[in-house]
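Student: Take 98 as the starting number for the sequence shown in the working numbering and just add one per residue.
Just dropping this structure here.
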Amino acid sequence: MSHFEYSVVPAPSRGEKAKDAKTPGDRYAVALTAELNRMARDGWEYVRADVLPSEERSGLTGRSTVYHNLLVFRRAVSAPAAGTMARQPQPEYPAAASPARAPEPVPALPQAAAPQPSDHSTGSPVVAATEDATPPAPRTAPLQG
98 MSHFEYSVVP APSRGEKAKD AKTPGDRYAV ALTAELNRMA RDGWEYVRAD
148 VLPSEERSGL TGRSTVYHNL LVFRRAVSAP AAGTMARQPQ PEYPAAASPA
198 RAPEPVPALP QAAAPQPSDH STGSPVVAAT EDATPPAPRT APLQG
């Protein structure tokens, strides 16, 4: 199995002057060819061009989405030694800059407060009720007679 490392560079933003390049498209092709050849000299193989969004600051508190034209290159690297476990890839950017956020924990529902000894006018001890306990029978006023 082949292993690769990747490099992503911004595509040229404008063309370069050249003797045979008369139109803006020709000048841009010259700039792009120069970038592809520069990377190839270092052993990088061209894979594709991508347009990816990036959220950037706009003013003091604003943000806007800007799209960048990127060139993707790869080159083969030696395979990891047999018997070593490959680690899972992790993003290199900080978690705060991550576009996907972890879900917020659901707050626990409030529980009924147990009656406190100071809540009762009688000095009887408070017995905590359990979920399986049956409620006490309602009190009736003593009969006078």
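Glycine included, C-beta positions come from ideal geometry on N, C-alpha and C.
The structure presented is a predicted model; accordingly, all values stated were derived computationally and were not measured.
I'd like to know whether the C-beta atoms of V127 and L168 end up nearer to each other than 8 Å.
Tutor: no
Student: Give me the Cα-Cα distance between Y135 and E113, rounded to the nearest whole angstrom.
Tutor: Looking at the sequence shown, residue 135 is not Tyr but Arg. Each residue's Cα considered, the two are about 15 Å apart.
Student: If we call anything under 8 Å between Cβ atoms a contact, is R124 one with A131?
Tutor: no
Student: Could you pull out every residue in the same chain whose Cβ sits closer than 8 Å to the Cβ of A146, ignoring the five residues on either side in sequence?
Tutor: A108, N166, L167, L168 and V169
Student: Can you round the beta-carbon distance between R244 and E142 to whole angstroms, since I take them to be within the 8 Å contact cut?
Tutor: With the chain covering only 98 through 242, there is no way to say anything about residue 244.
Student: Leaving out five residues on either side along the sequence, give the residues of the same chain with a beta carbon under 7 Å from the beta carbon of V174.
Tutor: H100, F101 and E102
Student: Which first and last residues belong to the beta strand (DSSP E) in which P107 is found?
Tutor: H100 to P107
Student: If you scan the region 132-182 from start to end, which runs of the beta strand (DSSP E) of 3 or more residues do you find wholly inside it?
Tutor: If we require 3 residues or more, the beta strand (DSSP E) runs fully inside the region 132-182 come out as 142-155 and 159-174.
Student: My understanding is that P150 touches T162, with C-beta atoms under 8 Å, so please give their C-beta distance in whole angstroms.
Tutor: With a Cβ gap of about 5 Å, P150 and T162 count as contacting.
Student: Output the distance between the C-alpha atoms of S155 and P202, rounded to the nearest integer angstrom.
Tutor: Roughly 31 Å between the two C-alpha positions.
Student: Can you give me the C-alpha to C-alpha distance between P139 and E153, rounded to a whole angstrom?
Tutor: In the sequence as presented, Pro is not what sits at residue 139; that position holds Asp. Distance between the alpha carbons of D139 and E153 is about 31 Å.
Student: Tell me, to the nearest whole angstrom, how far the beta carbon of V148 is from that of Y164; I am working on the premise that it is less than 8 Å.
Tutor: 5 Å
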